[in-house]
Structures are given as C-alpha cells and as structure tokens.
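Undergrad: First, the structure itself, so that you have it in front of you.
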Amino acid sequence: IFRAEPPPPPAMQELRGLWVTRFDWTSFGQPASPSKIDEIVDNADFAGFNAIFFQVRGTADAYYAPGLEPWAQRVSGGSLGQAPNPFWDPLAYFVQKAHAAGIELHAYINVYPVWDCGSAPASNTSPRHFYWDLRDIHGTTNGLLNGLQWNTSYQLSCSGYQRATPASIDVDNHLIAVGQDLVNRYDIDGIHLDHIRYGASNASCDPVSESRWGGDCFTSGYADWQRAQVSGTVNRFYDDIILANSGLALSAAVWPIYIDYWGWGGLQGYHTYYQDSKAWVAGGYIDIISPMIYPSTFNCPDNSFWTFSRWQTLVADFQSDANGRYVVPGIGTGYCTFSEIENRIEAARAIGTAGHALFSYSSLLSHGYFDDLANGPYAEPAVVPPINWHN
C-alpha cells in the first residue's frame, strides 16, 4: 500500500537579526573592501542569522552610491564625497551577497544626526551635504544653524552628534526622499531607523521649533508636541515609502526603557528623548521595534545596569503593548560568556517575541561566538516571520 510521506514540519519563524554598523566594516582613513562584506555574510550565514541591519547612513552621508547625499569618508578612506577607487557600491554588493545566502538586508539609517560635534562638513561635495541645505533653508542665529537642535540655553545641543530639528518639514522631506531613493535603487527588504529621537532632555529650543510651536520651548504641552514631531517622521516613512512599495518592512531601534515604571533611575525614551515608540505600534505605522537593551561597555561577570532580570522585564513590557506588531529586542554581543547571549535568546522565545537582534558584528567576531550560535540556539534553521498586515 502506497503511503504518502508526511509533509515536513513548518520552518521555525524567528527573526534573527544582526546589526552591522559603519564601524564594523570600515576604518577611518582606509578604503573599505568588498572582502569584509564577504566575511560578514559568510559568518552570518554560518551562524544562522536571517536578517542583517546594514548601516548605510551615519551623519547625512552615504555608504552607497549617491544619491542625494555625498559618499561617506569611510568608504574611500579619503575625503567626504570621494568615490571609492576602484569604484564599487557597498549596498548593492551587500544586497547581492546577503540574498544569495538567503538573508534579508535592511538599510539602516541614522535619522536626525547631521554631523559630528564641533565641526562642519565640507561644503563643496557633490551632492552637497545636507548641513549646508539646512543653513540655506532656515538660516543662522549668532552663527548657529537654526535647523539644528538647540538646548534651553539657546546653544547648540550636541550629544554625540549635531542633530536636525524634528520640527522642520524640510528635514522630514529630505529624510523621506533619502528613503525613497534607497528603495527605488536597491532590492532591500526594509528600512531600519536609528537615532529617531531628540538628542537630550533639554532639546530642542531651536528657532524652527519655537516658530512652529508658536511660543517659548518647554511651556505646557511642548513635550507632547515634540513626541508628535518624531512620531510624524516615522508615520511618513511608513505611509510614503513602506506602504507604497510591496514587500518592505519598517523597523526602528528604540530606547530600551520606554518609561521607568520601576524606579531604576534610567533614562527614558518617552520622557528623556521624546520618543513614543509604543505609540508607533499602537498606531500601526511601524512593523518592528527593537529595544536596544544592552550596555555600552561589558563587564565580566555582567554587573551593569542592564542585568538579565531587567532585560526580561523590559522585553515583557514592550511585548505586552505590541498590538500585533513585532518586538525584536536587542542583545549585546560583548559579554565574556556566551551564556549571557543564549539566556536572552531563550528568554525572548519564552516571552513570545518575533525574534531578537544582536549588536553588533565586531563583538561577535572578536569573541568567536558564531560557532556557539550555530551549534546552540540557532541549530534549528528559522525564517523571518511574514508581515501580513500591509494589505
């Protein structure tokens, strides 16, 4: 008697993301190499990752062929706006290699950062750097660009970067144009937003914000208004780009503590940086949020603020308000024992998230954790969960 073979079990669905920052594959003053991208994809494929968040925009510059913004210095190893020689396009190359390995490639952009603190980009690049467009659009006051974020002392607010003010419609229009250019020219699987927040709790008191607000900064209702500016940018990415192009996902790396309900004393996305990430999932205008729940430096053993217990608490908090969208918590890769990573992966599964993402490639490489992933939590292959709500 002929008996049909039973159908194979469905593949495990779990987004296994890997952040690849611009610092993971480039070095200042040295030309970037396609061989580094080969290495990254080979290691990610071996370990069992199925999605890569590849940084293509740092400070309004391009880690791909321009476009609307000039070549980043770190691609050619030369000056801002200088093309690599011999010519190659890192994003096109990465998309091709990742897709050949069955890995999704999401273009990861720093949203509001415009340039590093304390200097200005070259003004003679082609295309011209957005810093100079901001100057021309909004002007200056006492030498400060009105289109950048200012603090309550009416000085430039610079926490790591000079950042564009979210209150500027021209900033929004430029960001959306950059995103549209990416999806029009590259076969990417999504756009991943980072630094989609204000830079400090005392920002921003720039003239553009006060003009649009209609009064002095930080009067009653101002904080809510600032949150609405950031949320509006996310919403435009979703409506103008994601929903207009089939098969794309919008994701964002978000502050790890939404609100400090527990009295831990940590900085808060909602109150400190005016980032209302839970509103984005509640409003249905983002597909994936990735809370960045990891320390900036790692201790052995881990005795940082970001303990395993707190990690679980924060993931559960975001997951409880997921509204049917995907929560993909971030896991640091600098721990001195792999068990710290594995415990968090297993906890994310127990909490019921759609997956997780590891930050970032270089630490995984230096610790040699690719074998541990392949032989441990990633031993069973997985596919990225489908996004079935766009229609």
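According to our numbering, the sequence shown is numbered sequentially starting from 3.
We put the CB at the ideal spot given by N, CA and C, even for glycine.
Predicted, not measured: the structure shown is a model, and the values here were computed from it.
1. Does the stretch 193-211 come within contact of the stretch 28-38, defined as at least 3 CB pairs closer than 8 Å?
2. Report yes if the C-beta distance between isoleucine 353 and valine 385 is below 8 Å; otherwise report no.
3. Quick check: what's the CA-CA separation for tyrosine 65 versus glutamate 7?
4. Using CA coordinates, which residue listed in Cys302, Ile243, Val232 is at the minimum distance from tyrosine 272?
5. State the DSSP-derived secondary structure class of serine 78, mapped to helix, strand or coil.
6. Which residues bound the alpha helix (DSSP H) around glycine 181?
7. For histidine 127, I'd like the list of residues in its chain whose CB is within less than 6 Å of its CB, leaving aside the five on either flank, ordered along the chain.
8. For arginine 130, name the three-state secondary structure that DSSP assigns.
9. Relative to the C-alpha of tyrosine 371, which residue among Glu344, Asn390, Pro10, Ser311 is closest?
10. DSSP puts serine 292 in a beta bridge; with which residues?
11. Which of the three DSSP states is assigned to serine 248 in this structure?
12. Histidine 194 and alanine 122: beta carbons closer than 8 Å?
13. Could you pull out every residue in the same chain whose Cβ sits closer than 7 Å to the Cβ of leucine 375, ignoring the five residues on either side in sequence?
14. Within its chain, find whatever has a CB closer than 6 Å to the CB of tryptophan 14; leave out the 5 residues flanking it on each side and keep chain order.
15. So for glutamine 151, helix, strand or coil by DSSP?
16. Answer with buried or exposed for glycine 334, where buried requires no fewer than 16 other C-beta atoms within 10 angstroms of its C-beta.
17. Helix, strand or coil: which one does DSSP assign to serine 29?
18. Apart from the five residues on each side of it in sequence, which residues of its chain come closer than 6 Å, Cβ to Cβ, to alanine 401?
19. Who are the near neighbours of aspartate 40 in its chain, counting only those whose CB is closer than 8 Å to its CB and skipping five residues on each side?
20. Pick out whichever of His101, Tyr296, Thr154 has its Cα sitting closest to the Cα of phenylalanine 310.
21. How many Å lie between alanine 67 and alanine 85 at the Cα?
TA: Once the coordinates are examined:
1. no
2. no
3. 49 Å
4. Val232
5. helix
6. 171-187
7. According to the sequence shown, residue 127 is threonine rather than histidine. Answer for threonine 127: Pro72, Leu82, Gly83, listed in chain order.
8. coil
9. Glu344
10. Ala255
11. coil
12. no
13. Ala49, Gly50
14. Checking the sequence, you will find methionine at residue 14 rather than tryptophan. Closer than 6 Å at the Cβ level, and outside the excluded window around methionine 14, lie Glu382, Ala384.
15. coil
16. buried
17. strand
18. As shown, the chain starts at 3 and ends at 393. That puts residue 401 outside it, with no answer to give.
19. Lys99
20. Tyr296
21. 8 Å
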